[in-house]
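Colleague: Residue numbers (our numbering): 534 to 663.
1) Figure out for me which residue from 577, 614, 545, 604 has the closest Cα to the Cα of residue 635.
2) Among 605, 560, 574, 607, which has the Cα closest to the Cα of residue 598?
3) How about residue 645 and residue 611: are their beta carbons less than 8 Å apart?
4) For the alpha helix (DSSP H) that residue 578 lies in, which residues bound it at each end?
5) Counting C-beta neighbours from all protein chains within 10 Å, is the total for residue 572 16 or more, i.e. buried, or is it exposed?
6) Going straight from the alpha carbon of residue 603 to that of residue 637, what length do you get?
7) I need the DSSP call for residue 614, collapsed to helix, strand or coil.
8) I'd like to confirm the pairing. Which residues does DSSP put opposite residue 604 in its beta bridges?
9) On the criterion of 16 or more Cβ atoms from any shown chain inside 10 Å, does residue 581 qualify as buried, or is it exposed?
10) To the nearest whole angstrom, what separates the beta carbons of residue 569 and residue 608, a pair I think is in contact under 8 Å?
11) What is the residue span of the beta strand (DSSP E) that residue 625 lies within?
12) Is it buried or exposed, residue 566, if we count other Cβ atoms within 10 angstroms and call 16 or more buried?
13) Measuring CB to CB, does residue 556 end up less than 8 Å from residue 642?
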């Protein structure tokens, strides 16, 4: 499997969320912008990672969501949005995560994902639960 970070993606500072992923070009809906392999870790390793700053950069992994993974490339740097302009897809057999646009995205716009999994899921996430 060939892994490639698109030449049109870049990391920049956001006004509210620290670093984020942005695009240098206009992107159409349903475009795959990144596909990356992941490092899968056990349930025991996840418990340890949840006690560190890495907790904010890992994904739940596996059909039972007991494991976790770190995605390479820019994937762990996509910020959360309840109305995200991208969606991520996990392939447990290939150990990859793919990011695809859900709508047209303009040059210079930040690419976001919904940490709940579905791009429009409104369920409050851990750092936003009030």
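Just so it is clear, CB atoms sit at the ideal spot from N, CA and C, and this is done for glycine as well.
Modeller: If we stick to the structure as given:
1) 614
2) 574
3) yes
4) Here the alpha helix (DSSP H) through residue 578 covers 576-582.
5) exposed
6) 27 Å
7) It is coil, neither helix nor strand.
8) 571
9) exposed
10) Contact holds; Cβ gap of about 5 Å.
11) Counting along the chain, residue 625 falls outside any beta strand (DSSP E), and DSSP gives it neither H nor E.
12) buried
13) yes
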